[in-house]
Structures are given as C-alpha cells and as structure tokens.
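Following: one structure in structure tokens, then a few remarks.
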Amino acid sequence: MEGMTGYVMPLEPPTVGWDIHCHTVFSDGTETPATLAECSKACGLRGVSISDHDTTAGWSEAQHAARAVGLPLLRGTEITAADDGVSVHMLGYQYDPDNAHIKKLFADTRQARLHRTRRMVELLSRDYPISWQSVVAQIHEGDNTTIGRPHIADALVAAGVYENRSQAFADAVNSSSKYYIPTPSPTAHEVVAAMKEAGGVIVIAHAGDLSRNRRLLSDEQIIALVREGLDGLEVWHRGNSAEQRVRLLDLARRYGLLVTGGSDWHGKGKPNALGENLTDEATVEAIVSRGALPLYR
Ligand SMILES: [Zn+2]
Ligand SMILES: [Zn+2]
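Structure, rendered in structure tokens:
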C-alpha cells in the first residue's frame, strides 16, 4: 500500500535491515553502546538505534560507537506512557533532544520513578535482604540511568534470592506483587504532542503484547493518537502475537502508518537476541525524512 509520501509498508517481517529497539546500560540493558554497535555490525545489521527508556543520555556514546564500526545510527528513546489505564510504550526517533517539553517530560518521569522505586525498596526490604544501597549498586552508569524495577530485580539476584532477573520479575518485582507501586506516567497524547513539537517520529512499541498488559490499546485509542500525529506501529516484536500482528498491520494499512520492528534487546538482561526483529530500509528512510535530526553516520 502506497501512502502520500510513497512509503511502502512491509507486509512480512524483514530479513535484512535495522534493529531500532535496543536498550543499553543507559537504562535497563546490561551492555554499553559500544557493545551494541559492535554486535550490530557483527550480526550484519544495516544500522541500529539506541532507544533507552526515557532518556537521551546514551546518544553521544552511541554516536561515537556507531561511527567507530561504520554503522549508521537512529537516535531514539522508548517513552513510558499511559492511555486510559493502559500502559503504553512509545518509541520516539530523530527528535530534538533539547526541546523543553521533552526535557521536562523525562525529568518528571525520572523523579516519579525514583520516588516509587524508593518506596518499593522500603517495602521489599522488610521481607528481603536488600537495601536502597544494594539497589543503587546495580546501576551501571551512575546518574545517567533511569532507576527502576530491573535494578531491584538485580539486587535481589545479587542477594541470592533469585537466580536471574526474570525470576525476580515473575515474583516479588511483578506488577501483581504486593510490593508493586505503579509509576505515574505521562499520557500517550502528551507524549505524541511533545514528540511532534520536538520534530520527532513517534511509534507505539509492542502494541499487541498481551504479556505486558491485561488490556491492550483499542483500535479507537490508536486512531485517536494517529489523528494527533502518531507515525507508526512496531509490528515486528516478539511480544506481538500473530493475531495482533494482523490487526496492527491492518491499522497501519488503513491509516498510512509506518511499520517498524525491533528486538527490544537488553543485552544479558532479557533473552531477546539483537536483530531478531528488523525494520526495513524504506521505513528507516521514511523515519529519517520525517525527523528533525539528520541520520548519524
Ligand atoms: Zn517496551
Ligand atoms: Zn524496550
């Protein structure tokens, strides 16, 4: 299907292309941007994006690393939001990182997350051998990192309570555990508005992932965001079921949305393999042509 810009969306998962959903130590990944760039090169990716949670702190390191291995880089961020009780992750690409609205959004999120993480650690420390210090000790990049549940999980692993992060997430750190405190998030509408103001391209991440949400965004909710400037949907993601992929592709076709894919790589933090899901070259070109930043190469 050809939209007004000549963009042709992929109907099948691309077998070559870019991985544009990757986390590093600048949020909850275990590897540095240098390792991301080197592994991307080694596994034959055409290019890569750093898309840490709610921060641009890793961008400059990623730029150096990507240039060092000769891979082009999309600059991105995965932003945690909510829409009418549904948790929404949104991938923003190629936006002005100095935009005041975006900066305030990230600062507010960091503050809120810090508060709730402290409160969760207080509750957990009554029953488990962890402390605020032992959680902070799990941060790899000091103040650059958005502290959160992955760090609590890692502290529980370090204390010998669990064997790995996944076990901790399945139990004490789970959103259904009695220790869980939700993080107040900006609305998806606010994120779209801020991202448009900053000249970015905004995509809903893993919109069909039922393992994260009891309730997914409805078609109506997605369409409302499209009317406000939403650019695309991440269809090729391990969390999206076959049925959900069909639904998301259909929405993309009807509304002329970009169709992206990404691994959601977290290094050793999750089983997701770098490059296991890809975005095709045409979609990356569309992102670059819409975004405020030049492609970094
Ligand atoms: Zn996500
Ligand atoms: Zn992610």
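Under our numbering, the first residue of the sequence shown carries the number 734, and numbering increases by one thereafter. Yeah, the Cβ is synthetic: ideal placement off N, Cα and C, and Gly gets one too. As the structure is a prediction and not an experimental result, all values here were calculated from the model.
(request) Can you list the residues near ligand 2, meaning Cβ strictly closer than 5 Å to any non-hydrogen atom, in the order they appear in the chain? (result) Answer in sequence order: 811 and 997.
(message) Closest to residue 835 by C-alpha separation, out of 928, 985 and 881, would be which residue?
(response) Nearest option by C-alpha distance: 928.
(request) Give me every residue whose Cβ sits closer than 5 Å to any heavy atom of ligand 1, in chain order. (result) That query returns the following residues: 822 and 938.
(message) Less than 7 Å between the C-beta atoms of residue 816 and residue 900, yes or no?
(response) At least 7 Å separates the beta-carbon of residue 816 from that of residue 900.
(message) What does the alpha-carbon distance come out to for the pair residue 798 and residue 809?
(response) Residue 798 and residue 809 have their C-alpha atoms roughly 15 Å apart.
(message) Rounded to the nearest angstrom, what separates residue 803 and residue 914 at their Cα positions?
(response) Looking at the two C-alpha atoms, the distance is approximately 43 Å.
(message) Just to check my reading of the structure: residue 778 and residue 751 have Cβ atoms closer than 8 Å, yes? What is that Cβ distance to the nearest angstrom?
(response) Rounded, the Cβ-Cβ distance is 6 Å, consistent with contact.
(message) I need the straight-line Cα distance from residue 805 to residue 996, nearest angstrom please.
(response) Rounded to whole angstroms, residue 805 to residue 996 spans 17 Å at the Cα level.
(request) Could you tell me if residue 941 is buried or exposed, where buried requires 16 or more neighbouring beta carbons within 10 angstroms of its beta carbon? (result) Label assigned to residue 941: buried.
(request) Report the residue from 821, 1008 and 882 whose alpha carbon sits nearest the alpha carbon of residue 760. (result) Nearest of 821, 1008 and 882 to residue 760, Cα basis: 882.
(message) To the nearest angstrom, how far is the alpha carbon of residue 991 from that of residue 861?
(response) Distance between the alpha carbons of residue 991 and residue 861: 45 Å.
(request) List the whole-angstrom C-beta distance separating residue 1024 from residue 826, where the pair is believed to meet the contact cut-off of C-beta under 8 Å. (result) The C-beta distance from residue 1024 to residue 826 rounds to 6 Å, short enough to fall under 8 Å.
(request) Closer than 7 Å by C-beta to residue 980: which residues in its own chain qualify, once you throw out the five before and the five after it? Chain order, please. (result) If we look at residue 980 and ignore the five residues flanking it on each side, its Cβ neighbours are 941.
(request) Specify, as a first and last residue, the run of the alpha helix (DSSP H) that residue 956 falls within. (result) Counting along the chain, the alpha helix (DSSP H) containing residue 956 begins and ends at 952-960.
(request) Would you give the residue range spanned by the alpha helix (DSSP H) that residue 887 belongs to? (result) Residue range 882-891 is occupied by the alpha helix (DSSP H) that includes residue 887.
(message) Can you list, in chain order, the residues of its chain with a C-beta nearer than 6 Å to that of residue 1019? Leave out the 5 residues immediately preceding and following it.
(response) Excluding residues within five positions, the ones whose Cβ falls inside 6 Å are 740 and 991.
(message) Beta-carbon within less than 7 Å of residue 763's beta-carbon, same chain only, minus the 5 sequence neighbours each way: which residues are those?
(response) Listed in chain order, the non-local C-beta contacts of residue 763 below 7 Å within the same chain comprise 999, 1000, 1001 and 1002, local neighbours out to five positions each way being set aside.
(request) Starting from residue 775, trace the beta strand (DSSP E) both ways and give me its first and last residue. (result) Per DSSP, residue 775 belongs to no beta strand (DSSP E); it is in the alpha helix (DSSP H), 766-775.
(message) Is it the case that the region 836-843 contacts the region 779-795, given that we only count it when at least three CB pairs across the two stretches are under 8 Å?
(response) Using a Cβ-Cβ distance cut-off of 8 Å, the region 779-795 and the region 836-843 are in contact, since at least three pairs of beta carbons, one from each stretch, lie closer than that value.
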